[in-house]
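**Student:** The structure's right below; bear with me while I get my questions together.
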Ligand code: CP
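Numbering (my numbering), first residue to last: 3 to 306.
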């Protein structure tokens, strides 16, 4: 039985197989309508979500399976004091696979040790978001045709942004990736990522504060939201929330074949006027998130 807790849980070969399956589903969706007949997915979301929960649920329904779960723990016996361990053991008795989002870093990893069925980390605090990373990598493959030889700009909240942490970890395994880290001082990438990934693997990276100083050299621009829910005080959030706003003027400086990604939700960091630009990939990215989760569910259930 395999879980997905960390983006490194799959080898490059397993990732390649997963992307090929997702691309097969995109091309031939009808062939997969009954792939998960009689299987049940549970979505246990202790933190709010739109994309991750709905895309998991849509993925399972499109594969012929069914879904049970909660979108907030307040509607479950968690409110009576039930531990995550007992919740997972209980729900795991009813279903075939679980997607778990938790506010505590390491929550899904801990839960997976007691889960009787495959468990997927659907985001844990400011730590990792591996299925977003699968989504991001599939989007980059679709946009660029490969996940190598790219200069990738990561912009916004690089300190608390779990999607950024997971993406750096995953992309560090591909050839010739350069990172440009664009953030205010207070939201810079954590030191452990610099030490354990960039320095250890000799991966080139640069840190800049202004998007205008970096945008012209990027192949991928990965925008992120400044996350109100991760701040300890409102003042800091208000001061930093509008640090970056990508608009048409700034895009004039960018390459013609730049691809703009964003895990979403966005607040103000990408102007709506950018949505019509052919370089905006973030709503295509949303849809790839469903297809890659279809592929992931099939792989973890062993139906493919
Ligand atoms: N990208 C992402 O995780 O979005 P949600 O929080 O809406 O699931």
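Where is the CB? At the ideal position from N, CA and C, for every residue including glycine.
Would you kindly report the start and end of the unbroken alpha helix (DSSP H) that includes residue 133?
**Tutor:** Unbroken alpha helix (DSSP H) run through residue 133: 132–146.
**Student:** Rounding to the nearest angstrom, what Cα-Cα distance links residue 63 and residue 91 in this structure?
**Tutor:** When rounded, the distance between both Cα atoms is 24 Å.
**Student:** Figure out for me which residue from 140, 6 and 39 has the closest Cα to the Cα of residue 288.
**Tutor:** Selected option, being the one with the closest Cα: 140.
**Student:** Going residue by residue through the segment 178–243, where are the continuous beta strand (DSSP E) segments of at least 3 residues, counting only ones entirely within it?
**Tutor:** You should have 179–184, 207–210 and 222–225.
**Student:** Give a single yes or no on whether residue 135 has its beta carbon closer than 7 Å to a heavy atom of the ligand CP.
**Tutor:** Not so, every heavy atom of the ligand CP lies at least 7 Å from the Cβ.
**Student:** Could you tell me whether any non-hydrogen atom of the ligand CP is closer than 7 Å to the CB of residue 109?
**Tutor:** Not under cutoff, so the answer is no.
**Student:** Tell me the residue span of the beta strand (DSSP E) that contains residue 104.
**Tutor:** Per DSSP, residue 104 belongs to the beta strand (DSSP E) from 99–104.
**Student:** I'd like the span of the beta strand (DSSP E) that includes residue 154, first residue to last.
**Tutor:** First-last of the beta strand (DSSP E) with residue 154: 152–157.
**Student:** Who are the Cβ neighbours of residue 224 in its own chain at under 6 Å, not counting the five residues just before and after it?
**Tutor:** Within the same chain, residue 224 has close Cβ partners 156 and 263.
**Student:** For the alpha helix (DSSP H) that contains residue 63, what are its first and last residues?
**Tutor:** Element bounds for residue 63: 53–64.
**Student:** Quick check on residue 128: does DSSP put it in helix, strand or coil?
**Tutor:** Correct three-state label for residue 128: coil.
**Student:** The ligand CP heavy atoms versus the CB of residue 51: any closer than 7 Å?
**Tutor:** Yes; taking the cut-off as 7 Å, the Cβ of residue 51 has a heavy atom of the ligand CP nearer than that.
**Student:** Grab the span of the beta strand (DSSP E) containing residue 70 for me, first residue to last.
**Tutor:** Where residue 70 is concerned, the enclosing beta strand (DSSP E) stretches over 68–72.
**Student:** For residue 271, count neighbouring Cβ atoms within 10 angstroms of its own Cβ and tell me buried if that reaches 16, exposed if not.
**Tutor:** Burial call: buried.
**Student:** On a CA-only basis, which of 199, 247, 267 and 279 is nearest residue 261? Give me that one, please.
**Tutor:** Nearest option by C-alpha distance: 279.
**Student:** Expressed to the nearest angstrom, what Euclidean distance is found between the alpha-carbon atoms of residue 219 and residue 257?
**Tutor:** Each residue's alpha carbon lies about 7 Å from the other.
**Student:** Going by DSSP, what residue range makes up the alpha helix (DSSP H) through residue 168?
**Tutor:** Where residue 168 is concerned, the enclosing alpha helix (DSSP H) stretches over 164–173.
**Student:** Could you tell me whether any non-hydrogen atom of the ligand CP is closer than 7 Å to the CB of residue 127?
**Tutor:** Because no heavy atom of the ligand CP lies under 7 Å away, the Cβ of residue 127 does not count as near it: no.
**Student:** For residue 68, which residues in the same chain have their Cβ closer than 6 Å to its Cβ, ignoring the five residues on either side in sequence?
**Tutor:** Correct list, in chain order: 42.
**Student:** In this structure, how does DSSP classify residue 114 when only helix, strand and coil are distinguished?
**Tutor:** Of the three classes helix, strand and coil, the one that applies to residue 114 here is helix, per DSSP.
**Student:** Please determine whether the Cβ atom of residue 131 lies at a distance below 7 Å from any heavy atom of the ligand CP.
**Tutor:** Yes, the ligand CP has a heavy atom inside 7 Å of this Cβ.
**Student:** Taking the alpha helix (DSSP H) that residue 21 belongs to, which residues open and close that run?
**Tutor:** Element bounds for residue 21: 14–29.
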